[in-house]
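*Asks:* Take this structure first; my questions come after.
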Amino acid sequence: MDAPAEDIDQPWERAAQHLSVVLECRRGICAWERATDGRWYLIQVVPTLFPDEEVIEIRWGGRQRPPSRILRPPLEKTCDTTVAWSRDICRRRYQHGYYPVP
Numbered sequence: 229m230d231a232p233a234e235d236i237d238q239p240w241e242r243a244a245q246h247l248s249v250v251l252e253c254r255r256g257i258c259a260w261e262r263a264t265d266g267r268w269y270l271i272q273v274v275p276t277l278f279p280d281e282e283v284i285e286i287r288w289g290g291r292q293r294p295p296s297r298i299l300r301p302p303l304e305k306t307c308d309t310t311v312a313w314s315r316d317i318c319r320r321r322y323q324h325g326y327y328p329v330p
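Start counting the sequence shown at 229; every next residue gets the next number (this note's numbering).
Written out as structure tokens, the structure is:
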């Protein structure tokens, strides 16, 4: 699926594509860090006890601290929702000063 022309130059677009692939493949991790204060944000797909159900684990916190919050929403099955959700997350991370961790 091609991104609209006005969104290709956005600095967060590459991270959104990576996150979409992680969610569609149902494996991998996406992490962001804010250099100014060491805050971090992490997203990964986590299997559950049920074979047809997976959740997205979202964690965030500060440097040398345990996560301050953990969310586990169900993983959506549709590609369009995954792409839109990935773009929204990455755009917000960038707006809040976070950059992808390689």
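Just so it is clear, CB atoms sit at the ideal spot from N, CA and C, and this is done for glycine as well.
Relative to the C-alpha of leucine 270, which candidate in Glu281, Arg287 and Gly256 has its C-alpha closest?
*Replies:* Walking along the sequence shown from the start, residue 270 turns up at place 42. Comparing Cα positions, the closest option is Arg287.
*Asks:* For the alpha helix (DSSP H) containing glutamine 272, list its first residue and its last residue.
*Replies:* Counted from its first residue, the sequence shown places residue 272 at position 44. Careful: glutamine 272 lies outside any alpha helix (DSSP H), inside the beta strand (DSSP E) at 267-275.
*Asks:* Can you list the beta strand (DSSP E) stretches of 3 or more residues lying completely in the segment 276-329, in chain order?
*Replies:* Counting whole runs of 3 or more residues, the segment 276-329 contains the beta strand (DSSP E) stretches 282-289 and 297-299.
*Asks:* Buried or exposed, going by whether 16 or more other CB atoms sit within 10 Å of the CB of alanine 263?
*Replies:* In the sequence shown, the residue the question calls residue 263 occupies position 35. Exposed, by the Cβ-count rule.
*Asks:* List the DSSP bridge partners of alanine 259.
*Replies:* Taking the sequence shown and counting its residues from 1, one reaches residue 259 at position 31. In DSSP, alanine 259 forms a bridge with Leu270.
*Asks:* Taking glutamate 281 as the reference, which of Pro301, Asp316, Trp260 and Ile317 has the closest Cα?
*Replies:* Numbered from 1 along the sequence shown, position 53 holds the residue referred to as residue 281. Of the candidates Pro301, Asp316, Trp260 and Ile317, the one whose C-alpha sits nearest the C-alpha of glutamate 281 is Pro301.
*Asks:* Taking histidine 324 as the reference, give the member of Arg267, Gln245 and Arg293 with the closest Cα.
*Replies:* Along the sequence shown, one-based indexing puts residue 324 at 96. Looking at the Cα atoms, Arg267 is the closest of the given residues.
*Asks:* Taking its Cβ as the centre, do 16 or more other Cβ atoms sit within 10 Å of valine 329, making it buried, or is it exposed?
*Replies:* Within the sequence shown, the letter at position 101 stands for residue 329. Under this definition valine 329 is an exposed residue.
*Asks:* Since glutamine 245 and isoleucine 257 should fall inside the 8 Å C-beta cutoff, what is the C-beta to C-beta distance between them, to a whole number of angstroms?
*Replies:* Reading the sequence shown from its first residue, position 17 is the one you call residue 245. Reading the sequence shown from its first residue, position 29 is the one you call residue 257. Contact flag wrong, Cβ pair sits at about 15 Å.
*Asks:* Figure out for me which residue from Arg242, Pro239 and Val274 has the closest Cα to the Cα of leucine 251.
*Replies:* In the sequence shown, counting from the first residue as 1, residue 251 sits at position 23. The shortest C-alpha separation from leucine 251 is found at Val274.
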